[in-house]
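In our numbering, the protein residues as written are 75 to 424.
Glycine included, every Cβ here is placed at the ideal spot set by N, Cα and C.
Predicted model, so just to flag it, every value in this text is computed and none were measured.
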Ligand code: SF4
Ligand code: SF4
C-alpha cells in the first residue's frame, strides 16, 4: 500500500463508491471441497444456490464484466468462483483489459488447470492459489487439484498462496510450520496469506478452530512471520484474529467491498461468505488486515476508524444525490474493498 492507493481509496469512499469489488465469475467448479461456503444453501441469501444461478460465458461474460466495472469504477477487482479457471478463455481477454483501466486484479483459484504463461507478465495482478493444508489433507480435500498438479500448473508464475487454518490442522503442534517449510522456499511463491475458517452463526463445523486452537494459531503466526518472510501479514493484522469485528457494521472489509455472484446482479451480503456469517469467529485475512489499518493510531493517539466512519457517512450523502446510485461504502449490505488490501477471494476460502 502506498500513499496514492490510500488517497484513491479514500476518494472512492467520500463519493459513496466502494473501492473494491469481488466477482464470482462462474457458478461452476470441478472440485467439491468440504467446507466450501460458495455452494452452501444460504450463500446467496436463500432461494437460489450458486449452481442454480444463470451465469455468463464467452463474449457475453467479457462485455458484461467490462460494463460493470465501467459503471462502478472499483480500484480493485477480485475474481473468484466457483473456480475462475473454468472461464480461462474469457479471463485471458478480460485481464489485460481490466489492467488497461488501471484496476488492480486478483484471481483466486485452486489451479486445477495450467495457468496461461501470459498472465505471468501482467502488471497490477495477483494470482492467488488456495491450498488446504499439507499434501495429504489437501490432496484428499481438493482432488483433482493436487499438490503435484498445482506445482505443474503454476510453473513459471509468481503466486500468492492462501491457506485457511482449520481445527484439524491445529491438532498437530507443528502443522503450520511444516506448511511453511514446504511452500516458502519455492521460487514460484511470492507471498503466503493465512486465514482461519469462518463459520455461519449457530453452526460448529469440524473445520472451525476452537478458542484454544485459534489462540495457538495466532501464537504460531507471530513466531512464523519472523522465520518465513513470505508470510505477508503484519503483526497488527495477526493481532486482529484475537478480536474480530462483532458484526458486519464493524467490518471495514465488508463495508468497502461489493461482492456480486455469477449472474453479475445478485449481491452477496454481508460479505463474501454470504448467508449469516459469525463475525465474532471471523478468520478472513482481508477483514483482519483492514481492521489493523483502521485501528492503527495516527500520531500515537487517534485511530483511523472514526475518520473512515465519517467519510463513509459523507459518501452515503453524496451517492444519494447521484442519478444512478452506486454501491455505498459504509453500508454493510452493499459492499465493496481496496486494491491494497490483502484480499480474500475465491471460492470457499477467503
Ligand atoms: S468478513 Fe467481516 S462481515 Fe464477513 S464474517 Fe468476517 S467480520 Fe463478518
Ligand atoms: S472451495 Fe473453491 S475450489 Fe473448492 S469447491 Fe469451493 S469454489 Fe471450488
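Run the CB neighbour count on residue i, radius 10 Å, all protein chains shown included, and call it buried at 16 or more, exposed below.
| i | result |
| --- | --- |
| residue 157 | buried |
| residue 200 | buried |
| residue 152 | buried |
| residue 176 | exposed |
| residue 115 | exposed |
| residue 174 | exposed |
| residue 285 | exposed |
| residue 164 | buried |
| residue 126 | exposed |
| residue 219 | buried |
| residue 247 | exposed |
| residue 166 | exposed |
| residue 330 | buried |
| residue 259 | exposed |
Going along the chain, which residues of its own chain have a beta-carbon closer than 8 Å to the beta-carbon of residue i, five neighbours each way excluded?
| i | result |
| --- | --- |
| residue 298 | 250, 251, 254, 305 |
| residue 108 | 215, 281 |
| residue 315 | 270, 288, 291, 292, 295, 357, 362 |
| residue 334 | 95, 96, 97, 98, 142, 340, 341, 342 |
| residue 118 | 124, 127, 335, 340, 342, 348 |
| residue 318 | 353, 354, 355, 356, 357, 361, 362, 365 |
| residue 239 | 250, 268, 269, 270, 271, 283, 291, 357 |
At the level of alpha carbons, what is the spacing between residue i and residue j?
| i | j | result |
| --- | --- | --- |
| residue 399 | residue 323 | Its pLDDT being 43, under 50, residue 399 is placed unreliably by the model, and the measurement read from it follows with that caveat. If you take the alpha carbons of residue 399 and residue 323, they lie about 20 Å apart. |
| residue 403 | residue 185 | Here the model assigns residue 403 a pLDDT of 44, short of 50, so the residue's position is not dependable and the matter cannot be decided. |
| residue 302 | residue 197 | 25 Å |
| residue 105 | residue 227 | 16 Å |
| residue 171 | residue 131 | 17 Å |
| residue 146 | residue 325 | 21 Å |
| residue 364 | residue 311 | 8 Å |
| residue 103 | residue 138 | 21 Å |
| residue 129 | residue 237 | 27 Å |
| residue 261 | residue 191 | 16 Å |
At a cut-off of 7 Å, would you count residue i as near ligand 2, judging by its Cβ distance to the nearest heavy atom?
| i | result |
| --- | --- |
| residue 45 | Residue 45 is absent from the model: the chain starts at 75 and stops at 424. |
| residue 249 | no |
| residue 117 | no |
| residue 353 | no |
| residue 185 | no |
| residue 107 | yes |
| residue 112 | yes |
For residue i, collect the residues of the same chain with a Cβ closer than 7 Å to its Cβ; drop the 5 residues on either side in sequence, then sort them by chain order.
| i | result |
| --- | --- |
| residue 320 | 353, 354 |
| residue 263 | 233, 235, 257, 304 |
| residue 377 | 368, 369, 370, 371 |
| residue 140 | 171 |
| residue 224 | 185, 203 |
Which same chain residues end up closer than 6 Å to residue i when comparing Cβ atoms and leaving out the 5 residues on each side of it in sequence?
| i | result |
| --- | --- |
| residue 209 | 221 |
| residue 345 | 328 |
| residue 133 | none |
| residue 265 | 234, 304, 306 |
Any heavy atom of ligand 1 closer than 7 Å to the Cβ of residue i?
| i | result |
| --- | --- |
| residue 327 | yes |
| residue 356 | yes |
Under the DSSP definition of a beta bridge, which residues are partnered with residue i?
| i | result |
| --- | --- |
| residue 151 | 95, 179 |
| residue 341 | 334 |
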